[in-house]
Structures are given as structure tokens and as C-alpha cells.
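Engineer:
Residue numbers (our numbering): 3 to 276.
#1: What is the rounded straight-line gap between the Cα of residue 193 and the Cα of residue 249?
#2: Taking the beta carbon of residue 134 as the centre, do at least 16 other beta carbons fall within 10 Å, making it buried, or is it exposed?
#3: Skipping 5 residues on each side, what residues in its chain have a beta carbon closer than 8 Å to that of residue 241?
#4: Determine the closest residue to residue 259 out of 238, 230, 244, with distance taken between C-alpha atoms.
#5: Would residue 136 and residue 130 be called neighbours here (beta carbons separated by less than 9 Å)?
#6: Where do the ends of the alpha helix (DSSP H) carrying residue 114 lie?
#7: Can you tell me whether DSSP reads residue 212 as helix, strand or coil?
#8: Taking residue 102 as the reference, which of 159, 80, 71, 82 has the closest Cα?
#9: Would residue 113 pass as a contact of residue 71 if the rule is Cβ separation under 9 Å?
#10: Compute the beta-carbon to beta-carbon distance between residue 273 and residue 209, rounded to the nearest angstrom, for a pair I have assumed lies under 8 Å.
#11: Compute the Euclidean distance between the alpha carbons of residue 262 and residue 226, then round it to the nearest angstrom.
#12: Hey, residue 98 and residue 156 are a contact pair by Cβ (cut 8 Å); roughly how many whole angstroms apart?
#13: Please specify which runs of the alpha helix (DSSP H), each continuous and at least 4 residues long, are wholly inside the stretch 135–207, giving them in chain order.
#14: Do the CB positions of residue 196 and residue 243 come within less than 9 Å of each other?
#15: Please report the Cβ distance between residue 217 and residue 167, rounded to the nearest whole angstrom; I am assuming they are in contact, meaning their Cβ atoms lie under 8 Å.
#16: DSSP on residue 106, reduced to helix/strand/coil?
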């Protein structure tokens, strides 16, 4: 309950008290109830109300956080590598940990913290690879695989669909890169056989889990839909010398996918919303 609604309700309680429409004891009970709710809401140390009251602890806390961010940004490159790794892990644990804490209290703050932690995960990884002159052909795919695994797991437990989807997207990128190196001259038929079984698997998982696990069916359906057009995207963006008629196949598959989604809309909407 926000502050304006609380004040309106308390004014109405005072009116009932004066007009004696409600018993005095019941009015006291309602007043204490809404005061307790306000106290619970104000327990958040970074709320706008606490900032407006000028709490020195809140402002010192904010100053410390900002100073720590600048300290890490300026001196991270001169830290020894164990301290660099420990610093990165601590920052990520704080971001994802508080995202979990605020998951039920304030969903927006939880999403923002999870997003910051995800960007920092990738950023710290690329920064460490560049600082230590590591072989990018080995470490970047390893970083992509690690980020994908982390985001799939955290997206599942935190019930953040976008984070969960991004984890599968990174795995699909790694999958495409690996087979692009192994089979650079693959035909469009081989690419279809490479991705379409995974598409069927993800759609099947979406159906299988929609009444067992909440919040993942829509993610798996989205991954399956993305894999449906992935062969053509792979051919056009990640490979060379493919004919232009592949673009026509992509348009036809998009049309066919939309038609299937329309025909079976009552089923997959039930999966997503369950």
C-alpha cells in the first residue's frame, strides 16, 4: 500500500471515529493495522521515504556503494588475479543474492539486480580474458557456456523468464558456433536436421512441464519457436555463400510457424499461462 492510499484510509477511519459509525475499539484496531503495514513497507532502507527523511545511515550506505563501484572500476586491472576473481564473484553473489531476497518483496528491484548481475557476469569474463591475454578461441566459448548454464539455473530458481531464455540462447549460439567450425560447408538440409529435433524437444518439454513446474513452459516454447527458424538464421548470418532463396525459406517458415501458433492457440496459451 502506498503512502497516499494509507493517508486516505486513515482519514476515513478518523471520520468514522468522530461520527461514531464504527465502534471506537474497531477504529483503533484499523489504525494500528495500517500503521503496522506502513512500518513493514518502510523497513526497506533505500525507500524514497527513508531518503526523504535524511537518514544518515542510508546516505552513508549509498556513498559507500558508489565509492566501491568506482574503486573496483579504477583499480580492478591492477589487482592480482586471485583478488580479481574474488572481487568479481563477490559482486555477482551480492547482485543475485539480493535479487533472490527481493523476489517476493519488490519484483522490479529483483529483476534489475538480476539484469545487472548478468551483464557483469559477461563483462567481468571478457575483461579477465583481455587483461590476461587468454586465448579467446578457447576461453570465450567457455565463458558463453558458463554464462548460459548460470542463467538457465538462476532463471529457473528465481522464476525470471527472460534470464532463463537468455541462458538457452547462449547455448544455441555456442551450438551454432561449434557446428559452424566442424561443418562449415553444411547444406541447408543438414542445418534443418541440426536444429529441428531440438525445436521438437523444447516444444515437447513445454507441454510436459506446463502442469508440473510453474513459469518455465513459456520459456521452453519460446526457445522452440526460436529454434524453428534457427537453420535459416545460421545459414544467412553465420555461414558464407548461401543462395538468396534461403531468405524465402525463412519467410515461409515464419508464416508456417505463425499459422501453427494460430491453429493451436488454445493449447499453447494454456501451457504458457498455467
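In this text, a Cβ means the ideal position worked out from N, Cα and C, and glycines have one as well.
Structural biologist: To lay it out plainly:
#1: If I take the Cα positions, the gap works out to 14 Å.
#2: Around the beta carbon of residue 134, a 10 Å sphere encloses fewer than 16 other beta carbons of the protein chains shown; the residue is thus reported as exposed.
#3: For residue 241, same chain residues with a beta-carbon under 8 Å away, outside a window of 5 residues either side, are 182, 186, 188 in chain order.
#4: For the options 238, 230, 244, the alpha carbon positioned closest to that of residue 259 is the one of 230.
#5: For residue 136 and residue 130, yes; Cβs fall inside 9 Å.
#6: Judged by DSSP secondary structure, residue 114 falls within the alpha helix (DSSP H) whose first and last residues are 109–133.
#7: It is coil, neither helix nor strand.
#8: For residue 102, the closest C-alpha among the options 159, 80, 71, 82 is that of 159.
#9: Going by beta carbons, residue 113 and residue 71 fall outside the 9 Å limit.
#10: Yes, residue 273 and residue 209 are in contact; Cβ-Cβ is about 6 Å, under 8 Å.
#11: One alpha carbon belongs to residue 262, the other to residue 226, and they sit about 13 Å apart.
#12: Right, the Cβ-Cβ distance comes to about 6 Å (below 8 Å), so this counts as a contact.
#13: Counting only runs of 4+ residues, the alpha helix (DSSP H) found wholly inside the stretch 135–207 occupies 138–160, 163–184, in chain order.
#14: Result no, Cβ atoms of residue 196 and residue 243 do not sit closer than 9 Å.
#15: Not quite, the Cβ-Cβ distance comes to about 12 Å (not below 8 Å), so this is no contact.
#16: Taken through DSSP and simplified to helix, strand or coil, residue 106 comes out as coil.
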